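Peer 1: Numbering (this note's numbering), first residue to last: 82 to 378.
Quick one: the structure is below, questions incoming.
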Amino acid sequence: MRVLYLYKDYYPILGGIENHVRLLAEGLHARGVETRVLVTNTENRTIREAIDGVPVVKTARQINISSAPVSLPFFPALRNLERGVDIAHAHMPYPPGELGQLLLGRSRRFVVTYHSDIVRQRVLGALYRPFLWQVLRRADLIAVSNPVYIQDSPFLRRYAAKCRVIHFGIELDRFTTAPEIDAAAAQWRSRFNDAPLLLFVGRLRHYKGVNVLIEAMAALGETRARALVVGVGPSPKPGRRRRGPWGLPSALSSSANCPMQRCGRSTRPLTFSSYPQQIAPKPLALSNWRPWRTVCR
Numbered sequence: 082m083r084v085l086y087l088y089k090d091y092y093p094i095l096g097g098i099e100n101h102v103r104l105l106a107e108g109l110h111a112r113g114v115e116t117r118v119l120v121t122n123t124e125n126r127t128i129r130e131a132i133d134g135v136p137v138v139k140t141a142r143q144i145n146i147s148s149a150p151v152s153l154p155f156f157p158a159l160r161n162l163e164r165g166v167d168i169a170h171a172h173m174p175y176p177p178g179e180l181g182q183l184l185l186g187r188s189r190r191f192v193v194t195y196h197s198d199i200v201r202q203r204v205l206g207a208l209y210r211p212f213l214w215q216v217l218r219r220a221d222l223i224a225v226s227n228p229v230y231i232q233d234s235p236f237l238r239r240y241a242a243k244c245r246v247i248h249f250g251i252e253l254d255r256f257t258t259a260p261e262i263d264a265a266a267a268q269w270r271s272r273f274n275d276a277p278l279l280l281f282v283g284r285l286r287h288y289k290g291v292n293v294l295i296e297a298m299a300a301l302g303e304t305r306a307r308a309l310v311v312g313v314g315p316s317p318k319p320g321r322r323r324r325g326p327w328g329l330p331s332a333l334s335s336s337a338n339c340p341m342q343r344c345g346r347s348t349r350p351l352t353f354s355s356y357p358q359q360i361a362p363k364p365l366a367l368s369n370w371r372p373w374r375t376v377c378r
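Here you go:
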């Protein structure tokens, strides 16, 4: 079987979808499936490389429009790579990739993983909507990580019969304990006077509810609990002191990207994880401690 994955970015770029695509591509490759990945490059040149045994094509990127990279070579590459492919697996939303699949796709089957609706982009969202309906209509199967999506999304409700709930997986080896890890965890706890610790790991997007977490921690106070925020993104950095919902209370600490090989081990001292109600908790949030929801309104 031959499977081609379509998205905008891939490892070593860190992100939930990027890491999920990598796990799928490498996991199926290890089981004898011929997997390939087609994404865009971060610069204006096309490169072809093998990452952990998986062939990856990163096409030259010319411009970014509302966080969606546009790459003209992406379209002929999609057409060429789908020759003889059994399954093209697109991860949504990435409008240029879905448009390319509609116009040029020729795989035997077409599967999409629907990660979220497009929000806060009214004009572009309105332009994208007709293509989105066509993509979902053409898809043979729609994978979602959370059954709530099927009912909450106006797009998925119409195609609920095609939807299948497939939860995200994770490499549990990253969470194996060792004496040095337990010692580091004890240092983290003592640093915060053994208060309950909450963790958020991910890109700082508005829909993930980090602002709600910050407001909650400000009301709770540092003597009762501490929150750790790890990540970067287009939202204002949580470490930047300012008025408004992104102000940093004393009960919250922030950091930049956490390398994947360290993020799992850094969870050992934690009591709770934080994730938004509308977003399915990533497996990282369920592996070692109790999840705690931040509700996005």
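From the three backbone atoms N, C-alpha and C, an ideal C-beta is built for every residue, glycine too.
Everything numeric in this text was worked out from a predicted model, so none of it was measured.
So which of ARG219, GLY134 and CYS244 has the shortest CA-CA distance to TYR230?
Peer 2: Of the candidates ARG219, GLY134 and CYS244, the one whose C-alpha sits nearest the C-alpha of TYR230 is CYS244.
Peer 1: By the 10 Å Cβ neighbour count, where 16 or more other Cβ atoms means buried, how is MET82 classified, buried or exposed?
Peer 2: Answer is exposed; the Cβ neighbour count stays below 16.
Peer 1: Would you report the Cα separation of PHE273 and ARG307, rounded to the nearest angstrom?
Peer 2: Using only the alpha carbons, I get a separation of about 7 Å.
Peer 1: Under the three-state reduction of DSSP, which class applies to VAL200: helix, strand or coil?
Peer 2: Three-state DSSP puts VAL200 in coil, outside helix and strand.
Peer 1: Does the segment 138–149 come close enough to the segment 104–111 that 3 or more CB-CB pairs lie under 8 Å?
Peer 2: Not touching, per the Cβ criterion.
Peer 1: From LEU217 to VAL204, what does the alpha carbon distance come to, in whole angstroms?
Peer 2: Each residue's alpha carbon lies about 20 Å from the other.
Peer 1: Since TYR86 sits in a beta bridge, which residues does DSSP pair it with?
Peer 2: For TYR86, which the question treats as bridged, DSSP gives the partners VAL118 and HIS170.
Peer 1: Got a sec? Which residues, its chain only, sit under 7 Å from LEU222 by beta carbon, not counting five neighbours each side?
Peer 2: Only VAL192, LYS243 and ARG245 meet the Cβ criterion.
Peer 1: Would DSSP call TYR53 helix, strand or coil?
Peer 2: The first residue shown for the chain is 82 and the last is 378, placing residue 53 beyond what the model contains.
Peer 1: Please name the residue or residues paired with TYR195 in a DSSP beta bridge.
Peer 2: Note: TYR195 sits in a beta bridge opposite MET173.
Peer 1: What whole-angstrom Cβ distance do LEU87 and GLY178 have, given they're in contact under 8 Å?
Peer 2: The Cβ separation is near 5 Å, so the contact holds.
Peer 1: Taking the C-alpha atoms as reference points, what is the distance between ARG129 and TYR91?
Peer 2: Roughly 12 Å separates the two Cα atoms.
Peer 1: Restricting to runs no shorter than 3 residues, where is the beta strand (DSSP E) found entirely within the segment 241–324?
Peer 2: The qualifying runs are 244–246, 278–282 and 307–311.
Peer 1: Using a 10 Å radius around the Cβ and a threshold of 16 neighbouring Cβ atoms, would you call LEU119 buried or exposed?
Peer 2: So LEU119 ends up on the buried side.
Peer 1: Using a Cβ-Cβ cutoff of less than 6 Å, which residues in the same chain neighbour ARG323 once the five nearest sequence positions on both sides are dropped?
Peer 2: With a pLDDT of 39 at ARG323, under the threshold of 50, the modelled position of this residue cannot be trusted, and the question is left open.
Peer 1: When the Cα of ASN158 is compared with those of LEU213, ASP275, THR127 and ALA266, which residue comes out closest?
Peer 2: In the sequence as displayed, the identity of residue 158 is Ala instead of Asn. Considering only alpha carbons, the answer is THR127.
Peer 1: Count the other CB atoms, across all protein chains shown, that sit within 10 Å of the CB of LEU85; report buried if there are 16 or more and exposed otherwise.
Peer 2: Under this definition LEU85 is a buried residue.
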